[in-house]
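Data block below; observations after.
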Amino acid sequence: MSEDCEDRVNRFLLDDLDIGGAVVRLGPVWQTMLAGRDYPPAVVGVLGEMTATTLLLGGKLKQPGRLTIQLRGDGAVSLLVIDCDERLRIRGMARCEQDPGEGSARALLGQGQLLMSLDMPSMREPYQSIVPLDGDSIAEIFEHYFRQSDQQPARFFLAASPAGAAGLFLQKLPNADRRDADGWARIEALAATVTAAELLALPAETLLRRLFRDETTRLFPARPVAYNCPEDWEKVRALLRSLGRDEVYAALRERGEIVIKDDICNRDYRFDALAIQELFADTAPSTPPTLH
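In this text, residue positions in the sequence shown follow the numbering used here: the first is 537, and each later residue adds one.
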């Protein structure tokens, strides 16, 4: 398996049928995102499928912006969140208070909502869409979303393991029925034969040729995916300043240090007494509060 086929999104078009789609295959980027998380296997599965889905949709961004997708529920997995920008730089996390065991996405998440937000500099305010969670799998949840949002019919075929995450996305475009009245049904049936092992192992060109060997497939250049969770100390310092000197010093006296947890990047920002004193140097009195 060639590494240069991993961490890529490939858009494609079935020219004769007016059916579009994309393939994503992740390896090192996905492993980096999981590092230090210790998620149970079932959580790795749904988060990986969610990551693949977000990239399949984020790959359609044509201008600067950020796509954020959240699945919130009342089950053992209360939150899945992934965001990516137009350069396919991603980050994400799951929130799970206990090992949920095995089960479908519906069983893990319970009742809840899918929240999708698109934020672009050209927009006055972010676009947001909220629909109930409907479907037993991550694929079914997003297929339901496409039906509810009056977009063209779409199908998702997803797979994930600790080593990789992958997905195949198909969307019926406006002229599909005029091109071939049976084309969408035929392509759906062919795509449904794909296995998780094929999704995780095969480069896009090989996968599409195996599934749609009798169709004319136009494969667009691959786009790289990167994990992007840089440290941002100044943002955290601004947060502490916004809380105010008295509140921060009260917390420092109680705990001995201030720890700000960045859940989505799995990183702690720690401030000892000296760091807090420096942070509020402009506003602190001449004699800093005594810490006990």
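Each residue gets a CB set at the ideal place from its N, CA and C atoms; glycine is no exception.
Limits of the unbroken beta strand (DSSP E) element including residue i
{"i": "F705", "result": "701 to 708"}
{"i": "A696", "result": "690 to 696"}
{"i": "Q687", "result": "Neither: Q687 is in no beta strand (DSSP E) and is coded neither H nor E."}
{"i": "Q486", "result": "The question about residue 486 has no answer here: the residues shown for the chain are numbered 537 through 828."}
Distance, residue j Cα to residue i Cα
{"i": "P600", "j": "V560", "result": "20 Å"}
{"i": "Y785", "j": "L810", "result": "11 Å"}
{"i": "R608", "j": "L616", "result": "7 Å"}
{"i": "M656", "j": "A643", "result": "34 Å"}
{"i": "D552", "j": "N802", "result": "46 Å"}
{"i": "E734", "j": "L743", "result": "7 Å"}
{"i": "M537", "j": "L738", "result": "Its pLDDT being 38, under 50, M537 is placed unreliably by the model, and nothing is read from it."}
{"i": "G703", "j": "D543", "result": "12 Å"}
{"i": "D554", "j": "A774", "result": "50 Å"}
{"i": "L583", "j": "A701", "result": "9 Å"}
{"i": "Y681", "j": "V667", "result": "7 Å"}
{"i": "P577", "j": "P698", "result": "8 Å"}
{"i": "I674", "j": "R789", "result": "45 Å"}
{"i": "I618", "j": "R573", "result": "15 Å"}
{"i": "T826", "j": "D818", "result": "Low confidence applies to T826: its pLDDT is 48, below 50, so where it sits in the model is not reliable, and the reading given next is rough at best. So the alpha carbons of these two residues sit roughly 18 Å apart."}
{"i": "T731", "j": "N546", "result": "18 Å"}
{"i": "T823", "j": "M659", "result": "Confidence in T823 is poor, its pLDDT being 47 and thus under 50, which makes the residue's placement too unreliable to answer from."}
{"i": "P689", "j": "A712", "result": "11 Å"}
Bridge-paired residues (DSSP) for residue i
{"i": "C801", "result": "For C801, which the question treats as bridged, DSSP gives no partner whatsoever."}
{"i": "P760", "result": "R544"}
{"i": "P668", "result": "Q649"}
{"i": "D619", "result": "T604, R627"}
{"i": "L755", "result": "F548"}
Exposure label - residue i; buried when at least 16 CB within 10 Å
{"i": "P636", "result": "buried"}
{"i": "E585", "result": "buried"}
Rounded distance between the beta-carbons of residue j and residue i, thought under 8 Å
{"i": "Y805", "j": "D799", "result": "Going by Cβ atoms, the distance from Y805 to D799 rounds to 12 Å, so no, they are not a contact pair."}
{"i": "C632", "j": "V579", "result": "5 Å"}
{"i": "L562", "j": "Q606", "result": "In fact, because the Cβ distance is near 20 Å, the residues do not count as touching under 8 Å."}
{"i": "A787", "j": "L624", "result": "Contact doesn't hold; Cβ gap of about 38 Å is too wide."}
First and last residue of the uninterrupted alpha helix (DSSP H) at residue i
{"i": "Q567", "result": "564 to 570"}
{"i": "T589", "result": "577 to 594"}
{"i": "P778", "result": "What sits at residue 778 in the sequence shown is Ser, not Pro. Run containing S778: 769 to 779, per the alpha helix (DSSP H) assignment."}
{"i": "A725", "result": "719 to 727"}
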